[in-house]
Amino acid sequence: MTDAAFDVVVIGAGHNGLACASYLARGGRKVLVLEAADRPGGLAATREFAAGFRVSAAAHLLTMLDAGVARDLGLEGHGLEFAARNLKTVALADNGERVVFEDGAIGGVSAKDQAAFAEFRRQNRRFAKVLAGFCSRPSPRLVDRRKSDTLALARLAWDVRSLGRADMRELLRVGAINIYDVAQEKFESALLKAAVSMDAVLGSHMGPRSPNTVYSYLHRHMNDDAGAAGPAVVKGGMGALGEAFAAAAEAAGAEVRYGSRAVRIDLSEPSSNEACRAAGVTLADGTRIETGLVVSNADLKTTFRMVGPLNLDAGFVRRVHSFRARGVTAKLHLALDGLPEFHGGDAGDAGARLLLASSMDDIESAFDHAKYGRFSPVPVMEISIPTVYDASLAPDGKQVLSALVQYAPYDLKEGWDAGRETFKAICLQRLEAVAPGIGESVRASELLTPPDLEAEFGVRGGHWHHGEIALDQALFTRPVPGANRYATPVRGLYLCGASSHPGGGILGLAGRNAARAVLAGEDSG
Amino acid sequence: MKPHSEVRLLDTPFGSRVRDACEVHQWEDWKGYLTAAAYEDVELEYFAVRNATGVFDLSPMTKYRITGPDAQAFLNRVMTRNVRRLAPGRVGYTVWCNDAGMVLDDGTLFHLAEGEYRLCAQERCLDWLQWSALGLDVAIADETADVAALAVQGPTSCATLRAMGLDGLERLKPFGIARFPFDGGELLVSRTGFTGDLGYELWMAPDHAEALWDSLFDAGRDRLIRPMGTAALELARIEAGFIQAGVDFVPAEQVLRHGRGRSPFELGLGWLVDFGKGHFTGRNALLKEKENGSRYRFVRLDVDGNKPAEESFILDKSANVVGHVTSAAWCASAKRNLALASLEMPWGRPEDDLFAEIYYSREQRWTRLETRCTVMRGPAWDPPRRRQTPPADF
Ligand SMILES: Cc1cc2nc3c(=O)[nH]c(=O)nc-3n(C[C@H](O)[C@H](O)[C@H](O)COP(=O)(O)OP(=O)(O)OC[C@H]3O[C@@H](n4cnc5c(N)ncnc54)[C@H](O)[C@@H]3O)c2cc1C
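These protein sequence lines are chains A and B, in that order. Residue 352 in this note's numbering sits at position 346 of the first sequence, and the numbers go up by one each step. Residue 221 in this note's numbering sits at position 218 of the second sequence, and the numbers go up by one each step.
Here you go:
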């Protein structure tokens with residue numbers, strides 16, 4: 007150990023970095039959090055995008071936050087307030103047809119579909135619970151197992167067995183296949199199938215027919231069993247959640263410094279008989295902070311770029327390099343004069359989580375374009391109008407619309423400088439079709455493409471999960487072998503962000519699990 | 004080019020001469036090239052190396068040209084030894100490992116000119132090198148087919164090459180590199196080889212290959228030059244105690260079963276590992292191994308009797324298996340029955356009582372021997388002429 011002023015330096019004050027810092031500080035460590043931005047929260051951010059209009063700039067709906075983390079950190083005591091909870095989800099088709107998900111039930115479909123959906127939901131809640139159990143712990147080592155790993159595997163096997171014969175078989179059958187086949191098999195309504203698929207593909211470079219989309223669906227619904235019947239809107243925008251995490255970390259004794267971009271993770275001088283270890287962090291302004299332990303909330307690639315390839319084994323560098331992390335989700339923000347009216351709907355729709363995708367084939371064709379470096383000519387969207395519940399975000403009587411738009415590939419062939427305005431116009435056109443007149447009430451608009459998200463939030467690729475959540479990059483191997491249990495090949499350097507198990511979404515588990523690994527002194531060997 | 008179906012194996016640049024010289028048609032596939040296992044008689048070829056000059060066509064050997072501002076940093080990252088210490092004009096024997104510290108291959112690294120290198124290896128490993136180059140300014144080109152190469156080995160090799168016109172070659176020290184004009188091109192000569200004897204390797208552009216072969220055999224005729232195949236080379240390298248990838252260890256990239264690879268320490272190559280030079284691939288794993296101990300020890304064994312201990316188990320006094328032989332041969336110049344073996348730790352100490360379990364048959368009668376083995380301290384064949392500069396003239 008060094009005689010440094012801080013036992014641990016956490017790079018990044020995203021919600022995971024802050025959760026990690028809180029647990030570490032509670033564990034008695036002196037913790038410093040370094041954040042490049044001038045505010046906490048990372049992708050959980052609120053900012054002004056037009057005079058007087060504020061919006062959750064990246065994540066906009068809270069669906070997954072781990073209840074245990076929220077409780078441990080006392081987020082509500084640190085200022086987290088909800089403007090609305092248990093939002094209903096409304097899937098809107100171009101023809102005005104609607105399917106409504108509310109309190110676990112659905113409307114707008116046949117009785118057969120209702121029953122099928124009830125069964126689908128029952129089963130998935132059970133699957134998700136197994137997954138949630140697995141995600142609340144570091145994933146066990148498969149090779150060179152220790153006793154704790156064998157126990158963790160036994161526990162997983164037990165959880166799977168406990169599903170009973172029928173559900174277990176179903177999990178093993180669908181666990182690695184695509185949501186298209188499963189939805190096709192279970193439901194009649196094209197719109198229902200599309201809505202289920204949206205949950206599987208949001209944030210990922212995947213279409214409904216991509217492998218592993220059942221897994222990504224389950225990932226998203228991991229905490230369903232524990233919590234809410236629908237997403238929540240955070241009062242003051244998602245940035246308020248980031249602030250609550252920061253307040254919790256500070257209350258636990260951690261220090262958070264903003265405007266402090268780390269550029270290098272310093273290593274100990276290699277002596278002839280010791281492995282290099284993390285020795286400190288150098289900031290963009292040249293300041294060097296010494297510490298024996300560094301935890302990175304930055305994504306995998308950003309983190310190891312700060313270490314430098316020559317300080318790492320070639321096989322590991324290659325895995326980091328090959329980690330798929332190219333975002334396909336753009337963020338559209340509109341400042342509106344009034345509430346849009348969605349066709350075929352009722353007034354309540356504006357406050358719902360709205361899904362714009364008429365059929366699985368529509369989603370798949372939208373995705374096809376992304377495969378070849380083009381944006382979707384008919385994009386799919388998840389829309390939230392937070393001002394329905396939180397007037398503080400806009401001037402009196404005005405509204406803010408926030409939409410996740412797919413597919414907007416990170417490496418657009420023509421380049422986003424050329425494509426941005428066209429794609430924005432396409433998005434507005436798409437909205438106009440379901441909310442006639444909306445165009446006229448737009449006072450200002452903003453489209454954040456994956457490269458924009460990368461630049462603003464420091465996430466390489468601008469990816470929702472800091473990296474695809476496909477099976478080869480999930481569970482046992484997330485993000486990559488050698489760093490799949492928070493510890494990394496560099497002694498004293500840990501990961502705590504969405505790149506690591508269990509992945510992205512505002513969840514807090516990566517941060518908490520990482521803190522446990524640090525406190526237990528785990529290494530990657 | 005011939006239609007696909009007719010060409011099963013490629014000719015090396017010496018193909019026409021090799022085909023002519025190979026009287027017994029014992030052919031092998033070496034990395035896709037037609038290669039002579041023997042030309043005439045394995046023993047004659049082996050004795051040529053030890054008593055005159057043997058010539059081996061090593062063109063199929065993998066060769067990479069490594070250049071660029073980061074070439075040295077790159078190689079230092081790949082290799083376990085300190086490449087900074089390899090001066091221009093010098094060749095170094097080296098190994099490289101994967102992240103787990105398991106040997107991918109061994110080979111020779113030529114520092115051709117400041118910042119310009121050639122890596123010669125048994126296995127093809129361009130993918131591994133490319134991955135190792137991520138983030139570095141280095142160019143790696145596979146020049147396997149662009150360089151014709153001959154090993155010219157044995158006590159009269161220097162004299163033969165001088166007779167061919169390589170004036171001053173006698174001043175070239177072991178592991179040194181020299182250049183000579185030849186046939187309107189440049190002939191690169193290194194004092195290196197795989198026989199443990201005086202010897203050189205010649206490197207040249209393929210269009211001069213036939214001229215080179217012809218001049219060499221003309222110059223060597225009175226010095227009893229002979230082409231040699233892989234079988235004779237195998238005898239010579241076992242006698243010299245050199246290991247071979249794919250024979251004495253499984254290259255780490257080819258290992259399927261967890262734990263079957265070998266580290267440099269486990270191959271007796273710990274002297275090639277420099278922990279003080281900074282990070283290199285496998286360093287952490289090898290440090291850990293140094294701390295916790297290796298699993299295996301690689302030894303040269305002097306086996307009693309004259310029956311080669313090929314593929315033998317090595318037993319302790321109580322007939323427990325403690326290891327196995329990876330290469331073995333009766334070696335005529337050393338006059339010893341030699342074996343290379345991988346033993347479980349802690350076996351292989353000089354005082355250990357070890358036995359090779361040898362099976363052989365004479366006219367359908369099988370005999371099983373448990374033959375005493377002695378752990379050797381050094382190689383069985385290491386004549387002073389290997390290092391002597393200038394070498395004796397003939
Ligand atoms: C467009 C978009 C929409 C999303 N929508 C939702 C949603 O609606 N609901 C949901 O649950 N999830 C959503 N997500 C996913 C979710 O936002 C993220 O997975 C999650 O916020 C990641 O949290 P994190 O703490 O791991 O990392 P981040 O929030 O990315 O935090 C990392 C922090 O590290 C900092 N940092 C990076 N490098 C450095 C450095 N060198 N020095 C100092 N600081 C550094 C960054 O500035 C940042 O603050 C969305 C993601 C995107 C991209």
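Think of the CB as a built atom: it goes at the ideal place given N, C-alpha and C, for glycine as much as any other residue. Just so you know, these numbers come straight off a predicted model, no measurement behind them.
- Taken in chain order, the whole alpha helix (DSSP H) runs of length 4 or more contained in the region 97 to 127 of chain B number zero.
- For S364(B), the nearest beta carbon of chain A is not closer than 8 Å to its own beta carbon.
- Assignment of beta-bridge partners to N218(A) by DSSP yields no partner.
- By the CB criterion at 8 Å, G351(A) and L98(A) fall inside the cutoff.
- Comparing alpha-carbon positions, the option among S193(B), G249(B), E256(B), F197(B) lying closest to Y203(B) turns out to be S193(B).
- Within chain A, no residue has its beta carbon less than 9 Å from that of W384(B); the closest one is some 33 Å off.
- Non-local beta-carbon contacts of A151(B) in its own chain, meaning distances under 6 Å to residues more than five positions away in sequence, involve P16, S62, M207, P209, A212 in chain order.
- Given a length threshold of 3 residues, each whole run of the beta strand (DSSP E) inside the region 221 to 286 of chain A is given here in chain order: 261 to 263, 268 to 273.
- At least 8 Å separates the beta-carbon of I295(A) from that of V105(A).
- For C433(A), not one C-beta of chain B is nearer than 8 Å to its own C-beta.
- Rounded to the nearest angstrom, the Cβ distance from V334(A) to Q412(A) is 6 Å, consistent with a contact under 8 Å.
- Beta bridge pairing from DSSP links H327(B) with F316(B), S345(B).
- The alpha helix (DSSP H) runs of length 4 or more contained entirely in the region 356 to 443 of chain A are, from start to end of the chain, 366 to 377, 422 to 440.
- At least one C-beta of chain B is nearer than 8 Å to the C-beta of P315(A).
- Residue side-chain check: L306(A) keeps its Cβ at 7 Å or more from all non-hydrogen atoms of ligand 1.
- Taking 7 Å as the cut-off, the C-beta of K430(A) does not count as close to any heavy atom of ligand 1.
- Short note on N295(B): C-beta not closer than 7 Å to any heavy atom of ligand 1.
- Within chain A, the residues placing a beta-carbon under 9 Å from that of H261(B) are V149, D150, ordered along the chain.
- The count of Cβ pairs closer than 8 Å, one atom from the region 223 to 242 of chain A and one from the region 66 to 81 of chain A, reaches three, so the stretches are in contact.
- For C376(B), there is no enclosing alpha helix (DSSP H); the enclosing beta strand (DSSP E) has its first and last residue at 368 to 378.
- Put simply, of F268(B), G157(B), A331(B) the residue whose alpha carbon is nearest the alpha carbon of L47(B) is G157(B).
- Close to D108(B), with beta-carbon spacing below 8 Å, lies no residue of chain A; the smallest spacing is near 14 Å.
- Taking 8 Å as the cut-off, the Cβ atoms of V287(A) and D305(A) do not count as close.
- Residues of the region 40 to 63 of chain B with a Cβ closer than 9 Å to any Cβ of chain A: none.
- One thing to note: F55(A) has its Cβ no nearer than 8 Å to the Cβ of L38(A).
- Here D155(A) has P146, R147, L148 as same chain residues with Cβ atoms under 8 Å from its own Cβ, once five neighbours each way along the sequence are excluded.
- P184(B) and L169(B) have their C-alpha atoms roughly 8 Å apart.
- The Cβ-Cβ distance between V378(B) and P394(B) does not fall below 8 Å.
- Secondary structure at F310(A): helix, using DSSP grouped into helix, strand and coil.
- For a Cβ distance threshold of 8 Å, nothing in chain A lies close to R127(B): the least Cβ distance comes to about 16 Å.
- Counted as a single uninterrupted DSSP element, the stretch harbouring I475(A) is not any beta strand (DSSP E), since DSSP gives it neither H nor E.
- With fewer than 16 other CB atoms across the displayed protein chains lying within 10 angstroms of its CB, A335(B) is exposed.
- Going by C-alpha positions, E189(B) is about 10 Å away from L205(B).
- With a cutoff of 7 Å, W470(A) counts as near ligand 1, since its C-beta is closer than that to a heavy atom of the ligand.
- A Cβ-Cβ separation of about 41 Å leaves G403(A) out of contact with C26(A) under the 8 Å criterion.
- Put simply, the backbone Cα of I185(A) is about 34 Å away from that of L345(A).
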